[in-house]
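J.: Just so we're aligned, residue 45 is where the sequence shown starts under this note's numbering, counting upward by one. Note that CB positions come from ideal geometry on N, CA and C, so glycine has one too. These figures come from a predicted structure and were not determined experimentally.
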Amino acid sequence: MKVAILISGRGSNMERLVESCKTNNKSASVELVFSNNAEASGLSFAKNNGIETSVIDHRIYEKREDFDHELDKKLRENNIDFICNAGFMRILSEDFVNNWFNKQINIHPSLLPDFKGLDVHKRVIESKTNISGCTVHLVRAGVDEGPIIGQISTKVETNDNEEILSIKVLKLEHILYPVCLKLFSDNLIQINEDKIIYSKEAIDQLDEINARLGK
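1. In chain order, what residues of the same chain have a beta carbon less than 8 Å from the beta carbon of Ile-135, not counting five sequence neighbours either side?
2. Hey, out of Asn-122, Ser-243, Val-77, Val-223, whose CA is closest to Thr-97's CA?
3. By DSSP, does Lys-160 sit in helix, in strand, or in coil?
4. Are the Cβ atoms of Val-47 and Ser-73 separated by less than 8 Å?
5. How many Å lie between Asn-80 and Asp-112 at the Cα?
6. How would you call Gly-194, buried or exposed, if buried means at least 16 neighbouring beta carbons within 10 angstroms?
7. Going by C-alpha distance, which of Gly-55, His-152, Lys-147 is nearest Ile-124?
8. From which residue to which residue does the alpha helix (DSSP H) around Leu-216 run?
9. Using the DSSP secondary-structure output, state which residues sit across from Lys-46 in a beta bridge.
10. Could you check which residue in Ile-240, Cys-128, Leu-232 has the C-alpha nearest to that of Asp-248?
11. If we ignore side chains and look at the alpha-carbon of each, how far apart do Asn-122 and Asp-110 end up?
12. Taking just the CA atoms, how far does Val-164 sit from Lys-244?
13. Does DSSP classify Leu-182 as helix, strand or coil?
14. Report buried or exposed for Ile-104, applying the criterion of at least 16 other Cβ atoms within 10 angstroms of its Cβ.
15. Please look up how many angstroms separate the CB atoms of Glu-217 and Ile-151, rounded, as I've assumed it's under 8 Å.
16. In whole angstroms, what is the alpha-carbon distance linking Leu-250 and Val-141?
17. Using the Cβ count rule (16 or more neighbours within 10 Å means buried), how would you classify Lys-226?
18. Rounded to whole angstroms, what is the Cα-Cα separation between Leu-220 and Asn-68?
19. Mark Lys-66 as exposed unless 16 or more other C-beta atoms lie within 10 angstroms of its C-beta, in which case mark it buried.
20. Among residues of its own chain, excluding the 5 on either side of Val-144, which ones have a beta-carbon nearer than 7 Å to its beta-carbon?
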């Protein structure tokens, strides 16, 4: 499965996906790293690992749909099968999402459907909730909406601040995202009208994450 990863910044989740595809996920290959930001530091990692990179500045387009059209064109030029959003700070148009329906996943630093959008860790701390985590989900037209593939949780301790919580959750993201991509590339899950159907092997792999984390 030929994968494109969309980034806007450092791309730490992108790094983990690339590393996973080189080591334990032989059914997927990262063929393109795309960014809307030419200064995204993750582009250097991709180039150093021999991965094709592409940058299109969204600011030169008046309409969101025009930028999305160029992104779609670039993906198809590279024969991409599947998309992983990894800190891609753009809301994609409904047409783009529909063109890649069930072929695009995103990772979000909360336990969706709670705390969609930005400033997640700040809002979690302010809410005084005692649990947070991360979610991998299929992309739909709404912000941080779509069927949930997998989640990992962590306790929010009384002495946690925004920075501490963000570090804790990011570590979980780095564990969860490669596993969820492998579920797709190994055809271990099916999607039926927004319902995720897990094979036994998929369930075992997700359970193994929690076992490793002592949950």
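T.: Looking at the atomic coordinates:
1. Mapped onto the sequence shown, residue 135 falls at position 91. Contacts found: Arg-108, Val-187.
2. In the sequence shown, the residue the question calls residue 97 occupies position 53. Of the candidates Asn-122, Ser-243, Val-77, Val-223, the one whose C-alpha sits nearest the C-alpha of Thr-97 is Val-77.
3. Translated into positions along the sequence shown, residue 160 becomes position 116. Coil, per DSSP.
4. The count along the sequence shown starts at 1 and reaches residue 47 at position 3. The count along the sequence shown starts at 1 and reaches residue 73 at position 29. Cβ distance < 8 Å, so Val-47 and Ser-73 count as in contact.
5. Residue numbering aside, residue 80 sits at position 36 when the sequence shown is read from its first letter. Residue numbering aside, residue 112 sits at position 68 when the sequence shown is read from its first letter. Whole-angstrom Cα-Cα distance: 11 Å.
6. Here residue 194 refers to the residue found at position 150 of the sequence shown. Per the 10 Å Cβ criterion, buried.
7. Your numbering for residue 124 matches position 80 in the sequence shown. Comparing Cα-Cα distances from Ile-124 to each of Gly-55, His-152, Lys-147, the minimum goes to Lys-147.
8. The sequence position of residue 216 within the sequence shown is 172, counting from 1. Start and end: 206 to 229.
9. In the sequence shown, residue 46 corresponds to position 2, counting from 1. Answer is Ser-73, bridged to Lys-46.
10. Here residue 248 refers to the residue found at position 204 of the sequence shown. It is Leu-232.
11. Numbered from 1 along the sequence shown, position 78 holds the residue referred to as residue 122. Numbered from 1 along the sequence shown, position 66 holds the residue referred to as residue 110. Taking the straight line from one Cα to the other gives about 19 Å.
12. The count along the sequence shown starts at 1 and reaches residue 244 at position 200. The count along the sequence shown starts at 1 and reaches residue 164 at position 120. Taking the straight line joining both Cα atoms gives about 33 Å.
13. On the sequence shown, position 138 is the one that residue 182 refers to. Here Leu-182 sits in strand by DSSP.
14. Within the sequence shown, residue 104 is the residue found at index 60, counting from 1. The residue is exposed, with fewer than 16 neighbouring Cβ atoms inside 10 Å.
15. As a first step, residue 217 is located in the sequence shown; it is residue number 173 there, counting from the start. As a first step, residue 151 is located in the sequence shown; it is residue number 107 there, counting from the start. The pair is a contact, with the Cβ atoms about 5 Å apart (cut-off 8 Å).
16. Position 206 of the sequence shown, counting from 1, holds the residue named residue 250. Position 97 of the sequence shown, counting from 1, holds the residue named residue 141. Roughly 26 Å between the two C-alpha positions.
17. Along the sequence shown, one-based indexing puts residue 226 at 182. Buried, because 16 or more other Cβ atoms sit within 10 Å of the Cβ of Lys-226.
18. Taking the first residue of the sequence shown as position 1, residue 220 is located at position 176. Taking the first residue of the sequence shown as position 1, residue 68 is located at position 24. Each residue's Cα considered, the two are about 14 Å apart.
19. Taking the first residue of the sequence shown as 1, we reach residue 66 at position 22. Exposed is the call here.
20. Here residue 144 corresponds to residue number 100 of the sequence shown, with the count starting at 1. Strictly speaking, residue 144 in this sequence is Trp, with Val absent from that position. Once the five neighbours on either side are set aside, the close Cβ partners of Trp-144 are Ile-127.
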